[in-house]
Structures are given as structure tokens and as C-alpha cells.
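Notes follow once the structure below has been shown.
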Amino acid sequence: MILPKNNYLKARNFILTNARMIERRLFEFHFENGTSEGVFHAVYAYRNSDGGFGHGMEPDTASPESQPLFGIMALETLDEVGYLTKEIILKDFMPYFKSITTEKGGIPWMFRPKSEYPCEEHFKTVKEWAAISTTAPLLGILEKYEIDIPWMKKAEQFVWSEFERIKEKHVFCYLCVSRWLTFLEHTKSQDKAKKTINNLKNWISNNGIICEDKTDEGWGLYGKPHGLNYAPSTKSILFSLFSKMTMESDIKELISRQKDDGRWDTWYGISEGTKLEWAGIQTLWVLKVLNNYGRIQY
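One rule links them: number in this note's numbering = place in the sequence shown (from 1) + 2.
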């Protein structure tokens with residue numbers, strides 16, 4: 003099944019009229035020959051003087067405060083468009099990440115807000131200890147760009163110990179898994195990485211992680227993943243985990259879920275405005291996935 007040209011144009015128009023600047027710039031980069039420099043400027047609009055990123059880079063919070071996760075999102079986005087360099091990582095990112103490193107060697111996922119701004123409730127109760135979901139992708143990016151700094155040694159020990167400790171506990175979160183894979187793909191400890199990847203495949207296959215019920219409104223959203231969440235392209239490490247029939251079925255269902263105004267929706271959002279922002283994020287993600295599988299008519 004292919005997304006018809008008219009439906010693609012509806013999605014394009016939804017992004018360009020409703021999404022945040024960062025999603026609009028990313029859309030232009032991926033689909034309309036936009037520049038990576040444009041994405042860079044959109045990303046750095048969220049940057050603070052402490053070197054961290056805030057200002058609602060994830061729409062679940064309106065707080066301007068720097069959050070570790072937002073720094074990881076910034077790194078991932080610059081890497082996605084080919085703008086990231088060793089110099090940018092070391093100069094613009096690592097001073098902040100070093101400043102928030104815990105005694106265990108990892109960096110937290112989030113910090114509780116210190117200022118009064120609207121946010122989802124989970125921000126107010128977040129555990130501020132070191133997290134694999136932020137430390138692992140940071141290490142993976144450092145390895146990818148052939149960076150070797152003392153900070154990495156203890157951080158890597160922390161990540162491997164966390165893989166052993168948490169096992170399959172967070173495998174339902176496909177966003178976490180994709181960030182683990184950044185580390186597992188690029189770490190020099192490939193024997194350990196291959197074993198961990200095999201464990202991931204077993205956990206995803208055998209623990210009822212994949213949402214089989216396509217009548218569920220939450221299908222494909224947080225906590226109810228489908229195959230494309232784990233394998234957003236044929237080059238994905240976990241692509242071999244899914245049959246051709248499964249992926250065809252997921253692509254068909256994904257295309258069918260487009261709304262009349264061109265969006266793919268989510269249930270996220272602390273306001274009507276942030277629901278639109280999340281819809282912009284989701285719509286861009288769907289278009290990138292369909293493009294990766296050659297399923298858009300232009």
C-alpha cells in the first residue's frame with residue numbers, strides 16, 4: 003500500500019501550517035531539499051546559556067529549564083541531518099553533560115522543574131538518578147564520532163550494568179530501545195552488544211510487547227508499539243525481527259490512520275496547542291517511515 007500524492011500533500015500542508023519550526027525545518031530537509039543549517043538554527047533556539055536545551059523541546063513541558071533528555075534530542079536531530087561534528091559535541095554539549103553526571107557515571111533522564119510552568123504530571127515526580135535512556139545514546143554518539151574522553155569509561159560501565167539490571171523492563175518503550183541501539187551499534191564492545199541485541203529481540207518477540215490489536219486507538223503510540231516503531235526503516239537493526247507480512251500490515255494500518263486534515267494524531271498534549279505540536283511530530287515521523295519503505299507517491 004502507498005500513501006497517495008494527495009494524502010502526502012495534505013500531510014505536508016498540516017506540518018507547514020501547524021507544526022513547530024523544528025518539525026517544519028526537518029520536513030523541508032527530508033522532503034524539499036532544505037538545508038541542515040536550517041535545522042541547526044531551529045534546534046539551537048532551544049539552547050540555554052548553561053549549554054543545555056529547554057523551552058519545551060518536548061511539548062510535555064513549557065519550562066525553559068535545561069533537561070538532559072532535550073540535550074540528547076538535540077544531538078540526535080543534528081546527527082540525523084548530518085550537521086553534527088566532533089567539535090560541536092565537545093564544545094557545545096559535553097560541558098553541560100559533564101556538569102550533570104552522577105556519581106554512578108551516567109546522566110539523568112530529566113530533572114524536576116524548579117520553576118512554575120505548565121507540564122505533565124510525570125515531570126513533577128521524575129526520579130533524578132542516572133538513566134540508561136540518556137547515557138547510552140550519548141555514549142553511542144561519542145563512539146560514532148570517534149571521540150575518546152575520560153568521561154566515557156565510567157559512563158560505559160554504568161550502561162552495561164544497567165542493561166543487566168533492568169533487562170526487559172523498558173523494552174515496551176520503543177524510544178528507549180532506539181536510543182539503546184545507538185550505543186549498541188557503535189560501542190567497541192561488539193561481543194557484548196550482539197548478545198544484548200539478541201536479548202532485545204527475544205524480549206520484543208516473546209513478552210507481548212507488540213500491540214496486535216489494530217482496533218486499539220493507542221496502537222503505535224507510547225506503550226502500544228507496532229513493528230514500525232522498532233524498525234522504522236529496512237536498515238534498522240531490529241528489521242529482521244518482523245516478517246514481511248507483519249510490516250505490510252503495519253504500513254497499511256499506519257496509512258489508514260491519517261486524518262482528513264492530513265495529520266497523524268496522538269493523545270499527548272497539555273493543551274490544544276501542544277496537541278497540535280505532538281501531531282506535527284507524529285506526522286513527520288510517519289512520513290519519514292513511509293519514505294524509508296518507499297511508500298509515498300510524489
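Glycine is no exception: its CB is placed at the ideal position from the N, C-alpha and C atoms.
For Arg49, the three-state DSSP class (helix, strand or coil): What you label residue 49 is simply residue 47 of the sequence shown in a count that begins at 1. Correct three-state label for Arg49: strand.
Selection from Lys290, Val288, Leu289 and Asp267 that minimises the alpha carbon distance to Glu279: Reading the sequence shown from its first residue, position 277 is the one you call residue 279. Nearest option by C-alpha distance: Asp267.
Nearest-angstrom beta carbon gap, Ile109 and Thr382 [assumed within contact, 8 Å]: No information on residue 382 is available, as it lies outside the stretch 3 to 300 that the chain covers here.
Per-residue DSSP class, three states only, for Leu240: Within the sequence shown, residue 240 is the residue found at index 238, counting from 1. Leu240: coil per DSSP, three-state reduction.
Residue from Asn204, Glu148 and Asn50 whose Cα sits closest to the Cα of Glu67: In the sequence shown, counting from the first residue as 1, residue 67 sits at position 65. Checked all of Asn204, Glu148 and Asn50; the closest Cα to Glu67 is Asn50.
For Ala133, the nearest candidate out of Val179, Glu82 and Leu230 (CA to CA): The residue you call residue 133 lines up with position 131 of the sequence shown. The residue with the shortest Cα to Cα distance from Ala133 is Val179.
Alpha carbon of Ile253 to alpha carbon of Ala195, nearest angstrom: Within the sequence shown, numbered from 1, the residue matching residue 253 stands at position 251. Within the sequence shown, numbered from 1, the residue matching residue 195 stands at position 193. Cα-Cα distance, rounded: 29 Å.
Cβ-Cβ separation, Phe95 to Gly73 (assumed contact under 8 Å), whole Å: For the purposes of this step, residue 73 is taken as the residue at position 71 of the sequence shown. For the purposes of this step, residue 95 is taken as the residue at position 93 of the sequence shown. Their Cβ separation, rounded to whole angstroms, is 6 Å, which keeps Gly73 and Phe95 in contact under 8 Å.
Under 8 Å between C-beta atoms of Val173 and Ile212: Here residue 173 refers to the residue found at position 171 of the sequence shown. Here residue 212 refers to the residue found at position 210 of the sequence shown. It is not a contact, given that the beta carbons lie outside the stated cut-off.
Nearest-angstrom Cα separation, counted from Val83 out to Cys175: Stepping through the sequence shown from its first residue, residue 175 is reached at position 173. Stepping through the sequence shown from its first residue, residue 83 is reached at position 81. Cα to Cα, the separation comes out at about 24 Å.
DSSP state of Ile151 mapped onto helix, strand, coil: Counting from one through the sequence shown, the residue named residue 151 turns up at place 149. Coil at Ile151, not helix or strand.
Under 8 Å between C-beta atoms of Gly107 and Phe160: Residue numbering aside, residue 107 sits at position 105 when the sequence shown is read from its first letter. Residue numbering aside, residue 160 sits at position 158 when the sequence shown is read from its first letter. Contact: yes.
For Ala21 and Ala281, the rounded distance between their alpha carbons: In the sequence shown, the residue the question calls residue 281 occupies position 279. In the sequence shown, the residue the question calls residue 21 occupies position 19. Cα-Cα distance, rounded: 8 Å.
CB-CB length for Thr37 against Phe31, believed under 8 Å: By 1-based counting over the sequence shown, the position of residue 37 is 35. By 1-based counting over the sequence shown, the position of residue 31 is 29. So it is a contact: roughly 7 Å between Cβ atoms.
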